[in-house]
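Sequence lines, in order, name chains A and B. Basically my numbering = 1-based index in the first sequence + 179. Basically my numbering = 1-based index in the second sequence + 179. Just so you know, even glycine gets a beta-carbon here, dropped at the ideal spot from N, CA and C. First comes the structure, then the notes that go with it.
2 protein chains.
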Amino acid sequence: MENLQIHIVISDELYTKNPESSELGKKIVSRSIEMIDELGFECFTFKKLGQSIGSNESSIYRYFESKHMLLVYLNCWYWSWVEYKLVFATTNLQSKEDKLSSAINILTRKVDVDNSFSYINEVILNRIIIAESSKAYHTKEIDSENEKGYYKVYKRVVQRVSNFVSDMNPSFEFPHMLVSTVIEGAHKQRYFSEHLPSLTDVKEGVDVIVKFYTDLVFKAIK
Amino acid sequence: MENLQIHIVISDELYTKNPESSELGKKIVSRSIEMIDELGFECFTFKKLGQSIGSNESSIYRYFESKHMLLVYLNCWYWSWVEYKLVFATTNLQSKEDKLSSAINILTRKVDVDNSFSYINEVILNRIIIAESSKAYHTKEIDSENEKGYYKVYKRVVQRVSNFVSDMNPSFEFPHMLVSTVIEGAHKQRYFSEHLPSLTDVKEGVDVIVKFYTDLVFKAIK
DNA sequence: TATTTTTTGATAGTATTACTATTATATTTG
DNA sequence: CAAATATAATAGTAATACTATCAAAAAATA
Numbered sequence: 180m181e182n183l184q185i186h187i188v189i190s191d192e193l194y195t196k197n198p199e200s201s202e203l204g205k206k207i208v209s210r211s212i213e214m215i216d217e218l219g220f221e222c223f224t225f226k227k228l229g230q231s232i233g234s235n236e237s238s239i240y241r242y243f244e245s246k247h248m249l250l251v252y253l254n255c256w257y258w259s260w261v262e263y264k265l266v267f268a269t270t271n272l273q274s275k276e277d278k279l280s281s282a283i284n285i286l287t288r289k290v291d292v293d294n295s296f297s298y299i300n301e302v303i304l305n306r307i308i309i310a311e312s313s314k315a316y317h318t319k320e321i322d323s324e325n326e327k328g329y330y331k332v333y334k335r336v337v338q339r340v341s342n343f344v345s346d347m348n349p350s351f352e353f354p355h356m357l358v359s360t361v362i363e364g365a366h367k368q369r370y371f372s373e374h375l376p377s378l379t380d381v382k383e384g385v386d387v388i389v390k391f392y393t394d395l396v397f398k399a400i401k
Numbered sequence: 180m181e182n183l184q185i186h187i188v189i190s191d192e193l194y195t196k197n198p199e200s201s202e203l204g205k206k207i208v209s210r211s212i213e214m215i216d217e218l219g220f221e222c223f224t225f226k227k228l229g230q231s232i233g234s235n236e237s238s239i240y241r242y243f244e245s246k247h248m249l250l251v252y253l254n255c256w257y258w259s260w261v262e263y264k265l266v267f268a269t270t271n272l273q274s275k276e277d278k279l280s281s282a283i284n285i286l287t288r289k290v291d292v293d294n295s296f297s298y299i300n301e302v303i304l305n306r307i308i309i310a311e312s313s314k315a316y317h318t319k320e321i322d323s324e325n326e327k328g329y330y331k332v333y334k335r336v337v338q339r340v341s342n343f344v345s346d347m348n349p350s351f352e353f354p355h356m357l358v359s360t361v362i363e364g365a366h367k368q369r370y371f372s373e374h375l376p377s378l379t380d381v382k383e384g385v386d387v388i389v390k391f392y393t394d395l396v397f398k399a400i401k
């Protein structure tokens with residue numbers, strides 16, 4: 180893919196000070212992605228992050244209210260990026276089948292390097308979204324946070340692909356369920372294939388996840 | 180369902196002292212289910228649990244090493260109970276279709292009261308499994324804990340239903356992926372329907388989740 | 001260039017968590 | 001009734017997830 184220097188804009192409700200507005204802010208985001216991946220979300224702390232980037236804990240709190248909000252921010256960044264990929268890949272496609280299968284491909288494939296967004300490593304970000312993102316919304320605050328719009332990008336991605344499903348088969352009753360099942364399922368399968376492989380049918384070397392979910396969708400809506 | 184007083188046996192690696200061996204132990208389990216549901220796993224602590232059951236924090240630690248291990252225990256109890264339901268519902272069924280659709284029904288339906296297990300409320304337990312169980316295995320310790328067998332019951336449930344899938348269509352390549360997608364998907368859809376309804380197509384009153392996943396499976400393996 | 005404003009760093013402090021350790025007191029069992 | 005076991009009470013620890021304050025550095029502006 181080309182190196183378009185595109186900018187992903189994140190709603191200012193998700194941060195206290197925009198991390199894109201300074202070098203320190205970008206360092207906080209990029210290093211936090213690496214550290215959450217290395218340590219897991221539970222063991223990751225702002226203190227450790229500060230030490231690792233040669234900055235102070237209190238400075239990080241000036242960008243993000245809490246590590247929870249940082250995870251919400253990363254989640255939003257990730258889905259904005261997926262949405263961009265999705266729109267980019269499906270615009271100008273003529274056939275409805277191609278649009279849908281291209282969308283499923285984007286949602287279920289293994290993420291590879293994208294140099295359009297310099298300070299964020301999408302491969303690692305994808306790994307932490309798979310492993311940790313559910314901790315952002317499996318909390319007692321989900322309803323109030325949803326009202327504040329924290330998850331609207333994710334919902335928009337589901338809506339876009341649901342529209343492709345409905346375009347193919349307008350009488351199919353469950354497009355949103357199908358699409359959210361595919362997205363969440365593909366993530367789970369990648370996690371399982373690494374840690375609980377008997378819950379999958381992934382063979383070494385071959386990436387069957389895209390194929391599995393593509394077949395599933397096209398058969399479901401037939 | 181009949182009131183068979185059946186006993187679910189949990190591997191002794193999951194507790195320090197068997198909670199079924201005393202009144203206090205049973206109280207710990209039953210009240211912890213309620214409290215995790217009320218407070219969420221993050222805000223639930225052994226101290227609060229102790230206060231609530233009129234017992235001491237240190238006494239609870241004598242049964243469970245940590246609140247993480249308690250969650251693993253509850254997870255295991257839940258899947259052992261599902262496995263029992265599954266075997267009970269499918270034994271003696273003659274047709275392969277009936278076996279599979281009965282299994283999908285067990286895995287995706289809304290749980291209702293079961294008085295066979297006196298001190299555990301399965302309705303609430305189901306709710307916390309949906310909302311909190313992923314926190315048990317989305318940790319950095321997953322691989323070592325999997326080796327210790329903490330997730331073997333869940334894997335056995337997936338295996339059993341995968342066998343039904345393979346019985347129906349021996350050439351279907353991805354039975355485990357299909358079954359784990361259905362189980363995880365149905366849980367997610369129940370969570371979404373309550374908190375992020377735009378990710379689903381659930382209408383008030385009607386339970387479409389069972390129908391959706393049943394259709395999905397039968398179309399997938401055709 | 002000087003001054004003001006903004007940003008960052010350093011330090012200290014708090015309440016809570018997730019435990020461990022010790023000892024005393026009940027309760028059960030032989 | 002004695003011995004063993006289970007539970008309760010209390011204290012203590014290191015770490016977490018912050019907040020508050022103030023000084024120093026850097027950037028913006030006059």
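The contact set of residue 198 (chain A) on chain B, defined by CB atoms closer than 7 Å, is empty, because the minimum CB distance reaches about 25 Å. By the C-beta density criterion, residue 270 (chain B) is exposed, having fewer than 16 other C-beta atoms within 10 angstroms. Residue 322 (chain A) reaches chain B at 374, counting residues in chain order whose Cβ is nearer than 8 Å. Note on residue 368 (chain A): 16 or more other CB atoms within 10 angstroms of its CB, so buried under the neighbour-count rule.
The residue from A:226, A:221 and A:253 with its alpha-carbon nearest to that of residue 205 (chain A) is A:253. Following the DSSP letters along the chain, one finds residue 338 (chain B) inside the alpha helix (DSSP H) bounded by residues 331–347. In the three-state reduction of the DSSP assignment, residue 215 (chain B) falls in the helix class.
Using a Cβ-Cβ cut-off of 9 Å, residue 234 (chain A) does not count as an interface residue toward chain B, since no Cβ of chain B sits closer than that to its own. Burial state of residue 197 (chain A) is exposed, judged by a 10 Å Cβ sphere holding fewer than 16 other Cβ atoms. Relative to the Cα of residue 360 (chain B), the nearest Cα in the group B:312, B:286, B:315 and B:320 belongs to B:286. Distance from the Cα of residue 262 (chain A) is smallest, within the candidate group A:283, A:245 and A:249, for A:283.
When Cβ-Cβ separations below 9 Å define contact, residue 310 (chain A) makes contact with chain B.
Per DSSP, reduced to three states, the secondary structure at residue 388 (chain A) is helical. Residue contact check for residue 222 (chain B) against chain A: a CB pair falls below 9 Å. In summary, the residues of the region 378–390 of chain B whose CB is separated from some CB of chain A by less than 9 Å are 378, 379, 380, 381, 387, 388 and 390, in the order they occur in the chain.
Legend: CB atoms of the region 247–258 of chain B lying less than 9 Å from CB atoms of chain A are not found in any residue.
Linking residue 335 (chain A) to residue 191 (chain B) through their CA atoms gives a straight-line distance of about 46 Å. Note on geometry: alpha-carbon atoms of residue 194 (chain A) and residue 240 (chain A) lie some 10 Å from one another. DSSP assignment within the region 346–374 of chain B yields the following whole alpha helix (DSSP H) runs of 4 residues or more, N-terminal first: 354–374. Annotation: residue 222 (chain A) is outside any alpha helix (DSSP H) and is labelled neither H nor E by DSSP. Secondary structure of residue 204 (chain A) (DSSP, three-state): helix. For residue 398 (chain B), the C-beta contacts it makes with chain A under 8 Å involve 398, 399 and 401, in order along the chain.
Spanning the alpha carbons of residue 264 (chain A) and residue 275 (chain A) requires a straight line of approximately 18 Å. For residue 196 (chain B), no alpha helix (DSSP H) encloses it, and the DSSP letter there is neither H nor E. In the three-state reduction of the DSSP assignment, residue 272 (chain A) falls in the coil class.
Residue 355 (chain B) has its alpha-carbon roughly 6 Å from the corresponding atom of residue 380 (chain A). Contact between the region 225–235 of chain A and the region 316–334 of chain A is not established, with fewer than three Cβ pairs separated by less than 8 Å. What residue 194 (chain A) touches in chain B, judged by beta-carbon distance under 9 Å, is nothing: the nearest beta carbon there is about 22 Å away.
For residue 352 (chain B), the chain A residues whose C-beta falls within less than 7 Å of its own C-beta are 380, listed in chain order. For chain A, the residues of the region 328–340 of chain B that bring a beta carbon within less than 9 Å of one of its beta carbons are 330, 333, 334, 337 and 338, in chain order. DSSP, reduced to helix, strand and coil, places residue 278 (chain B) within a helical segment of the structure shown. The alpha carbon of residue 357 (chain B) has as its nearest neighbour, out of B:384, B:337 and B:218, the alpha carbon of B:337. Between the C-alpha atoms of residue 278 (chain B) and residue 292 (chain B) there is a straight-line separation of about 23 Å.
Taking a Cβ-Cβ cut-off of 8 Å, the neighbours of residue 371 (chain B) in chain A comprise 359, given in sequence order.
In this structure, the CA atom of residue 251 (chain B) is about 20 Å from the CA atom of residue 312 (chain A).
With respect to the C-alpha of residue 347 (chain A), the residue from A:306, A:319, A:401 and A:317 having the closest C-alpha is A:401.
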